[in-house]
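Here's the structure we're looking at; comments come further down.
In this note's numbering, the protein residues as written are 31 to 355.
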């Protein structure tokens, strides 16, 4: 994502352990339909814990954040990126009614980079659909690090990458134990933070927005950089301009829930994964704390994040799912 200024192998990995549960549908999506998981699948690396009966478990969410960071930087085109994608797919398949990879390619100078969005569906396919999204890739270079020697070093992305995904994985667990009253779609976007210019960022959300067949939603909520220990969440300006009533309703609900991190004031306009969705006709709100001193530095590590911050956002998301707006 960026504050007005530009910033921010198809998955063959681990498929031998998943082939019995996967098939390509007519739209080229690699599909998992709910079934018992294989003991040797990537789910063996999942975060332990029982189902949460529709409530948000902050400790477990933070464990999801730490688990992603244990893989290392999740840069598209690397083995770590592939391994992390397999892990996220395996976690979601335990809770969702349907999970798919949505593969796409990006030409990066002289090489083709294979990327994958990960899509999951929850609940009966009737009524209005809510989309929840976060990006799961991390930036290939710490271009804002104060130490010039670090500026070509990939970032770990504890906040900028892992935090939103961690919240959504815990939300997925809750939806397994207490199904949503209306359908929910979770999308983990790839390639949000890949390049140095706008044309090389937001790759997964742009691809999804142009290829939503069967995955359309009435509105969406994007989670990005929601793990900061000093969490402050003003209303993102592009969101407010595009869907003022929806934005106001979300922040009003946070106020009703006693979540002061959600500040009912306008923040900066942030270029992020919600913009392709807005442009495609899906009003989408970006929940983001852009005032994060470790953004795009090698210091974006789990110790800069907190379980309490993840819980603040997760509680609000689950309340919106179960109670509506």
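From the three backbone atoms N, C-alpha and C, an ideal C-beta is built for every residue, glycine too.
Quantities reported herein were computed from a predicted structural model and do not represent experimental measurements.
Limits of the alpha helix (DSSP H) - the one that residue i falls within
{"i": "residue 324", "result": "It is not in any alpha helix (DSSP H) - residue 324 carries neither H nor E in the DSSP assignment."}
{"i": "residue 139", "result": "No alpha helix (DSSP H) contains residue 139, which DSSP labels as neither H nor E."}
{"i": "residue 275", "result": "274 to 286"}
{"i": "residue 305", "result": "304 to 309"}
{"i": "residue 114", "result": "109 to 123"}
Cutoff 6 Å; reference residue i; Cβ partners in own chain excluding five residues on either side
{"i": "residue 220", "result": "145, 146, 147, 167 and 234"}
{"i": "residue 102", "result": "110"}
{"i": "residue 356", "result": "The shown model of the chain, from 31 to 355, leaves out residue 356, and the question about it has no answer."}
{"i": "residue 170", "result": "105 and 184"}
{"i": "residue 345", "result": "86"}
{"i": "residue 237", "result": "134"}
{"i": "residue 246", "result": "none"}
{"i": "residue 50", "result": "With a pLDDT of 41 at residue 50, under the threshold of 50, the modelled position of that residue is not reliable, and the figure given next carries that caveat. Correct list: empty, nothing qualifies."}
{"i": "residue 180", "result": "172 and 328"}
Beta-carbon spacing of residue i, residue j below 8 Å
{"i": "residue 319", "j": "residue 262", "result": "yes"}
{"i": "residue 175", "j": "residue 327", "result": "yes"}
{"i": "residue 206", "j": "residue 125", "result": "yes"}
{"i": "residue 192", "j": "residue 303", "result": "no"}
{"i": "residue 83", "j": "residue 165", "result": "no"}
{"i": "residue 338", "j": "residue 91", "result": "no"}
{"i": "residue 216", "j": "residue 150", "result": "yes"}
{"i": "residue 239", "j": "residue 310", "result": "yes"}
{"i": "residue 195", "j": "residue 178", "result": "no"}
{"i": "residue 198", "j": "residue 287", "result": "no"}
{"i": "residue 283", "j": "residue 355", "result": "yes"}
{"i": "residue 107", "j": "residue 143", "result": "yes"}
{"i": "residue 190", "j": "residue 255", "result": "yes"}
Per-residue burial, residue i [other beta carbons within 10 Å of its own, 16 or more giving buried]
{"i": "residue 80", "result": "Note that residue 80 scores a pLDDT of 45, beneath 50, so its modelled location is shaky; the value from the coordinates is reported in the next line. By the neighbour-count rule (16 or more Cβ atoms within 10 Å), residue 80 is not buried but exposed."}
{"i": "residue 154", "result": "exposed"}
{"i": "residue 4", "result": "Given that the chain is displayed from residue 31 to residue 355, the structure contains no residue 4 and the question cannot be resolved."}
{"i": "residue 65", "result": "Confidence at residue 65 is low in this model, with a pLDDT of 38, below 50, so its placement is unreliable and no value can be given for it."}
{"i": "residue 242", "result": "buried"}
{"i": "residue 122", "result": "buried"}
{"i": "residue 227", "result": "exposed"}
{"i": "residue 200", "result": "buried"}
{"i": "residue 157", "result": "exposed"}
{"i": "residue 341", "result": "buried"}
Close beta carbons around residue i, own chain, < 7 Å, minus the five adjacent residues each side
{"i": "residue 351", "result": "160, 210 and 214"}
{"i": "residue 276", "result": "249, 313 and 315"}
{"i": "residue 56", "result": "Only weak support exists for where residue 56 lies, its pLDDT of 42 falling under 50; the coordinates are left without a value."}
{"i": "residue 188", "result": "95, 99, 257, 330, 331, 332, 334 and 335"}
{"i": "residue 296", "result": "264, 265, 267 and 270"}
{"i": "residue 225", "result": "231"}
{"i": "residue 293", "result": "262, 263 and 264"}
{"i": "residue 272", "result": "308 and 313"}
{"i": "residue 69", "result": "The pLDDT assigned to residue 69 is 32, lower than 50, so where the model puts this residue is not dependable, and the model offers no usable value."}
First and last residue of the uninterrupted beta strand (DSSP E) at residue i
{"i": "residue 349", "result": "Unbroken run through residue 349 is the alpha helix (DSSP H), 337 to 353; no beta strand (DSSP E)."}
{"i": "residue 168", "result": "Here residue 168 belongs to no beta strand (DSSP E), and DSSP marks it neither H nor E."}
{"i": "residue 198", "result": "No beta strand (DSSP E) contains residue 198, which is instead part of the alpha helix (DSSP H) from 194 to 207."}
{"i": "residue 362", "result": "No statement about residue 362 is possible, as the shown extent of the chain runs from 31 to 355 and does not include it."}
{"i": "residue 85", "result": "No beta strand (DSSP E) contains residue 85, which DSSP labels as neither H nor E."}
{"i": "residue 315", "result": "314 to 318"}
Contacts around residue i, its chain only, beta-carbon distance under 8 Å, and the 5 residues preceding and following it disregarded
{"i": "residue 85", "result": "204 and 348"}
Any non-hydrogen atom of the ligand NAD closer than 7 Å to residue i Cβ
{"i": "residue 192", "result": "The model depicted lacks the ligand NAD and carries no ligand whatsoever."}
Task: Those runs of the beta strand (DSSP E) which lie wholly inside the segment 201 to 268 and span at least 3 residues - done: With a minimum length of 3 residues, the continuous beta strand (DSSP E) runs that stay inside the segment 201 to 268 are 214 to 219, 249 to 254 and 263 to 265.
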